[in-house]
Structure formats: C-alpha cells, structure tokens
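Numbering (UniProt numbering), first residue to last: 1 to 793.
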C-alpha cells in the first residue's frame, strides 16, 4: 500500500479496527470502492467521445469493467453510439461484429481524419505569398479496389421509392433486380440527442444509421430493435394483448422495428400457414443479422373488438410473441401515443381505436415446473433466485403463543444468568491420566497486541464470576482466541498435550439417526439450549490443578469444566442422560447441550415443558432464551429440519454446498465429500454420482477433469433435489427395494409408499466381475444388514 491507502491502513490498525481478513476487505471496499449509489451502467449509456478514440476507449472500459450480465452486443452498440458522428458513420459502414473490431476501425478512421487534415493544410496556398506553389498529393497509379459507399438522406430515399428506382444504382427496380455494381448503402438519419438517453435500446433504435441489403420482397429492408428482439419493456414500447384464431398472444407495438414479426414457436402452436419469403437478413440495431426465410400472409389479428389483417415475418423472438412495427403503424394514419399512460389512439374504418398497454409486470414467484416451461419456450428476459431469511430477535423466543409466554415468565429464574458456581454433583468432571506421566507444561503463545486486551478482559470476567482462580499448579497449557460467528472472541485453552496422557472415557454418544427415529407422530417441538453448558458442570476438586493455563499476565486454573478436554463431551452427555433419564425416548432426546422436547399435541407439549423445566431447576441448570425455540411445528435440530411431514436437510447446509468452489486440493475435496456425505441418506445412488470424486482421493490420483466437474455439479444438483424423508413407524411394515448395476448397488427403505432412507455403495473389484444374479443378491444382503434394526421391529 501507498499514499492514501497506507495512511488509512495505519490509522485503522492503530485503532484495532482490523480484526479479521473479512473485516479488512469490507472496510477497504467501504473506504475506496465506488459508492453503491453510483450507476456505472447509466454512465456507460451516456458516455460520448469528447477527445481521442484512445481516451474514449479508456473511459468506456473503466465503466464496462464495473458492469456484469450484459451481452457483448450491448457493449458493441453502446461503444459505437458514443463515437463522434463522423467516426461513427464510417465504423457502422463496415458492420463490425465485435467490440475489438469496432475499436480498431474507430482508431483507423481517426488516424485517417488526422492525415486528411495534415494534407489539407499542406495544400492550402499561403495568404502571405500569392505566388507560392500549390502542392498536390500524388495519386497512385493502381488505386486499391474498394466497394464505394453511397449515402442517402431520408429525402433521397423517399424520392427513389416514389420513382421506383433501386436504392443502390439508378436503374428501375423490379423483382429479381441485381445491381451491376456493388455499393455499401448508408442511410444517414438526422442526429438525435434525447434529454435522457439512459436506455441502450432507445439510443440504438432511434439514432444509429443501419447498413442494409435490399430484398426482392420489399423495397424497404426489415429491421428490428433490440428491445423487441430481447423482450425488454421500456417506455418507448407498448405491450398489448391480442388474439389470433381465438388464442391470446402477447404483442409489442414498437416504432423501432420496420416490419411485423412473429415468433416461430407461436406459428407452430397456432398452426399458421407460411409462405416462402426468400432468404434475407433482418438487421438488429447492434449490427447483428438474423436469418428470415418465411412469412405469414393476411393473418387475422384481433385487438379488442377490432380486427386487422397483417403480414408477419417469422423470426426467433424472445419475450414478445408478436411485434407490430412501422409496416403496420403507417397504415393507421395519424396516431396519438402517450408513453406515460401507455395508450395509443387512432382512427380505423371510421371508428376511434384506443389501445391501453399492459403495465410492466413485476417479479413473480415461479415453480420449478413453470421455470422449465419458460426456458423451453425461450420466454425469460430476467429471472432471480430468492432465499427467504427468517428474521428473529435475539432476545425474544420465536413462538408468541400466550401459553408459552406465561410458562417462560413462571420459570424466569431458569432463563436468568447464573450468579454463583454450579453445585458439586456425583458426575463432576475428572481427568484420569496415565501412570507415571509427567505434568504437562507448555509455554504460552505470543499474541497480537489487540488480543492481549481481550484476554485480560475475559480473565477479569471469569475471575469475577468464580469460574477460574489463580493457580500454582505444575500443569500449564497455552491459551488462544478463536473468532465466533457474531465477531466476538471465544477463550480457548490448548489442552492437546494434556489430552495425550488422559485415559479416555468411552461413554456412548448417541447416533443422530437413532434420535430422529423417535419423532414419529410428533407435531410440536421445543429446542432448549444451555447457557455455556460446559461451565455448568464442576471440576472434581482433585483434578482442578490439571486444568491450569498460563497467559502473558498470570497462571490460572478452572473450577468448572473447560472446553478442549478430550473427555468433556462424554461427561456432559452422561450428566444430561442422568438428569433426564425418566423422560428419554418418551418426550425428550438429548445430544450434548441440544435438548429437544417433542409432543403430539400442544396441551401435552406444555405439560412436558413444565416437567423438563422443573428438572432443570432442580439440578440448577440455566437456559439461554435467545437460542431456544418454543412450540414449533417445524424446527432445525442437529443439521436437519424436523416436522410432522418427516425429516429434511438443513437449507443452510445445502446453500453451503451450492456455494462450494471447485476443489483445488485433496483436503478441499474431502471437505466437500464430508459435507455431502452427511446427507447421503437423502440422495438416491449417492455412491455412483460421487464415484468420480471419490476416485480422486486415491494416492497420486487427484487431477480435476471435466468428468470430475460434471460429478461435482451433479452432486450439488442432487442435494438441492433431496426429498423430505418420512419418519419410521415401528408398528407398520417396512419395504426394502434394491437394484444393482455394473458398478454398484442402491437401495431404499420404504414405509406406506414414502422413502425413509436411501443407501448405495460401489462394488469391489471382485464383485464387478460377478454375474448379474450375484450382484443383485449382494444388493439385497447389504440392504438387509444396513437396515436390520428396522426390519426386526
């Protein structure tokens, strides 16, 4: 960094405001990035050349770099329309297809103009010496053969049309006419400078001259504006509803299009007959050419009670199904159009016709089926994916049921912060170590300056609340700070060295699937979260000295169970199972500090909550109300969404999968497969889909290929389509369906027609060579072993 950026960084760093990389990037963007209120797209549309082409190119590219989502044709049209008139006309004559071609032509034309000025200056006679010799440029003997360019003004164009003369040559125009000489025909329209030219389509359709080719069907070549082609609605267009053969069609009335056009798909749907029109080009305002070879003649079009006979050229349109251009508008005579109110009035067959345009349609929610249908018909101009984020107060429980509010107020002591140490219990945490083990003593880490203040503040708080005390123990472990999701710091002690000499506790941790299986028939759920759950369990007095840790300020030890000890999860689960033993699998399941209370009815649920609250109060545990969810019909628990309908994947986890970038290392690939593998029971044939990815985990096999990328994207898609699985009812029969292919097997556990779980795996090399019967048998036996506990009831 240098200059203003360096000064800003030094000031932010000295004031401890750069606490993380993400925070640094956000602060950097806020300070130096362009304002969010700037409109680079609008500035690009207004940009005009005022100096050299090179300087104009620099300004154009600076604005274009800040815009995404526009097609290349828009940038091409925008660049050409901003050039000086003299340069713009010459560039358009060559019909550049890309932006780079247009830039090169503009530079050449500018250089040519400069050369002409220099030559004119040399050839001009001096005013001070009338006898000076005039210099004349030397002409080449063999000039290059170029196609001449003929310019026609609108008046000349009308004159030739009235006399029936060809636009290119002076011969009489008849069907099948071919010019003896080739010309670049340029129709030069008067310059038009609207007060507010923010819309690209408006500028292109009204101000840019078009290079055209004459056609034998009509003396005026067809042209179509960008907004008509792309289906965009802007103030210069009217969109009305009409009928052809009693079928509704969306009509765009557009003065920027010379002819009438109809979407090829609509022609097929309505069964309209087409006539050959000869293959010719329809030019778009951005220079693009579209092929048109057929037309529908004398089509009966109904606009309200009025019927018109129109000829329509068949063209692949987007958005609008039919475009009525100048070909139709000039037959109506005087027209009064109000683009503010989107109305059009004219006289037709002695009657006044009033057309009212449809207002611009706002965003509409679309189902997957509707989206697929719109994509198939090429009828989407813009589409957005929206994700609903529920807003909840950090201090107010999600449920507002008066019964729940009353219950919480009755047990207000349960939701208040503890004011003293938890009581001694029979299951206080112990740290048994291996015999003849020396005391662990690890020197403290070095911390950044701003972290020292945070460590000192948290030490003071824990001393004041009695969680720690000063120590003279021979044990010592280092301290580090870990950033939480909310931006605050979590105080952690690195007990890895102590854990290596600790005798491990083998208390069973419950399996998540087994816990969820208990929820069949439940309609009401409450999730309870303990306030700093580990700190609500005391350390065994004989083991307090083993928890000692050192900071830059002193030596301390925990009186409560700290985070980071290897046996802490087992101790915590043991305490929870002990105090809730009468309620487990009746209406309570516990996974560490996540307590779920479930009931089939609200009345029974309130009674269950009272029993759980009494139990927690009796054992002097405290809950954190902001993290609790009360009396919900659907709730997130252990990475799943549980409801009366069954169990589904957590949308936040699915979102993380969709945003996961393509892995660049084996470690990143393992992380992705670990996240998706957590939900593999929701995906049919997961093993087969992920096979190209799991193959990359083999030794020296990591090489990201197109096959791996396809599997990566397919697995993401499969996760987004994961169904809601039913919960098992052990009073009903289970059905197992299996299948085997040449590479693996798959199975599904079903009850009452709803899937409960999917299972799949790849065959080993020996099984790959086995017969079809053996592979099918292997699939059956594997599925029975997998779901044996369900099938036995």
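Glycine included, every Cβ here is placed at the ideal spot set by N, Cα and C. Bear in mind the structure is a predicted one, so any value in this text is a computation, not a measurement.
Going by alpha carbons, who is nearest to residue 756 out of 775, 737, 773 and 728?
Closest option to residue 756, Cα to Cα, is 728.
Span separating the alpha-carbon of residue 211 from that of residue 258:
Since pLDDT at residue 211 reaches only 37, below the 50 mark, its modelled position is unreliable, and no value is offered.
Could you tell me if residue 669 is buried or exposed, where buried requires 16 or more neighbouring beta carbons within 10 angstroms of its beta carbon?
Residue 669 comes out buried.
Pick from 665, 679 and 455 that is closest to residue 705, judged by C-alpha positions
From the listed residues 665, 679 and 455, the smallest Cα separation to residue 705 is found for 665.
Relative to the C-alpha of residue 432, which residue among 662, 3, 540 and 637 is closest?
Per the C-alpha coordinates, the member of 662, 3, 540 and 637 positioned closest to residue 432 is 540.
Inside the stretch 711-790 only - beta strand (DSSP E) runs reaching at least 3 residues:
List check, beta strand (DSSP E) in window: 735-740, 744-751 and 754-762.
Assign residue 49 to one of two classes, buried (16 or more other C-beta atoms within 10 Å of its C-beta) or exposed (fewer than that).
For residue 49, the number of other beta carbons within 10 angstroms of its own is at least 16, and it is reported as buried.
Around the Cβ of residue 775, are there at least 16 other Cβ atoms within 10 angstroms (buried) or fewer (exposed)?
Residue 775 comes out buried.
What does the Cβ neighbour count give for residue 806, buried or exposed, with the cut at 16 atoms within 10 Å?
One cannot answer for residue 806 here, as it falls past the ends of the chain, which runs 1 to 793.
Backbone secondary structure at residue 571 - three-state DSSP:
In the three-state scheme derived from DSSP, where H, G and I count as helix and E and B as strand, residue 571 is classed as helix.
8 Å contact criterion, which residue 551 and residue 479 should meet: CB distance rounded
With 8 Å as the limit, residue 551 and residue 479 qualify as a contact, their Cβ atoms being about 5 Å apart.
Nearest-angstrom Cβ-Cβ length linking residue 504 and residue 577, presumed shorter than 8 Å:
Taking 8 Å as the upper bound for CB-CB distance, residue 504 and residue 577 are not in contact here, some 18 Å apart.
Close Cβ partners of residue 554 (< 8 Å) along its chain, the five nearest in sequence each way excluded
Excluding positions up to five away in sequence, the list reads 459 and 470.
Residue 470 bridges to which residues according to DSSP?
Per DSSP, the beta-bridge partners of residue 470 are 556.
Residue 194 by DSSP, collapsed to three states: which one?
Reliability of the predicted coordinates at residue 194 is poor, the pLDDT of 36 falling under 50, and the value obtained from them is presented with this limitation in mind. In this structure, residue 194 counts as coil in the three-state DSSP scheme.
In three-state DSSP terms, what is residue 576?
DSSP, read as helix, strand or coil, puts residue 576 in helix.
Residue 515 - DSSP class collapsed to helix/strand/coil
Three-state DSSP puts residue 515 in a helix.
Tell me which residues share the same chain as residue 3 and place their Cβ nearer than 6 Å to its Cβ, disregarding the 5 neighbours each side in the sequence.
Annotation for residue 3: no residue places its beta carbon closer than 6 Å to its own, counting only its chain and skipping 5 residues before and after.
Flag this pair as yes or no: are the beta carbons of residue 535 and residue 422 separated by less than 9 Å?
Contact flag set, yes.
For residue 338, three-class secondary structure by DSSP:
The three-state reading of DSSP puts residue 338 in strand, counting E and B together.
Separation of residue 45 from residue 81, as counted between CA atoms
Going from the Cα of residue 81 to the Cα of residue 45 covers about 9 Å.
How big is the Cα-Cα spacing for residue 296 and residue 261?
One C-alpha to the other measures close to 9 Å.
Within its chain, find whatever has a CB closer than 6 Å to the CB of residue 299; leave out the 5 residues flanking it on each side and keep chain order.
Cβ neighbours of residue 299 beyond the five flanking positions: 310 and 312.
Through-space distance from residue 346 to residue 335, alpha-carbon basis
Taking the straight line from one Cα to the other gives about 5 Å.
Can you look up residue 66 in the DSSP assignment and give me helix, strand or coil?
In this structure, residue 66 counts as coil in the three-state DSSP scheme.
Segments of 3+ residues assigned as beta strand (DSSP E) that fall wholly inside the stretch 394-480
Within the stretch 394-480, the complete beta strand (DSSP E) runs of at least 3 residues are 468-470.
Buried versus exposed call for residue 434 [16 or more other C-beta atoms within 10 Å across all chains shown]
Classification of residue 434: exposed, given that the 10 Å Cβ count is below 16.
If I'm right that residue 496 touches residue 622 with Cβ under 8 Å, what's the distance once you round it to whole angstroms?
Going by Cβ atoms, the distance from residue 496 to residue 622 rounds to 30 Å, so no, they are not a contact pair.
Through-space distance from residue 256 to residue 293, alpha-carbon basis
The alpha-carbon atoms of residue 293 and residue 256 are separated by roughly 21 Å.
Reduced DSSP category for residue 683 - H, G, I as helix; E, B as strand; rest coil:
Coil, per DSSP.
Beta-carbon proximity list for residue 559, same chain, < 8 Å, skipping 5 on both sides
Here the set comprises 421, 466, 467, 468, 469, 538, 539 and 544.
Using a Cβ-Cβ cut-off of 7 Å (strictly less than) and excluding sequence neighbours within five positions of residue 635, which residues of its own chain qualify?
So the qualifying residues of the chain are 525, 527, 629 and 642.
Between 609, 474 and 614, which has its C-alpha nearest residue 855's C-alpha?
Examination of residue 855 is not possible in this model, given that the chain is present from 1 through 793 alone.
For the alpha helix (DSSP H) that contains residue 328, what are its first and last residues?
Where residue 328 is concerned, the enclosing alpha helix (DSSP H) stretches over 326-329.
For residue 781 and residue 454, the rounded distance between their alpha carbons:
Roughly 58 Å between the two C-alpha positions.
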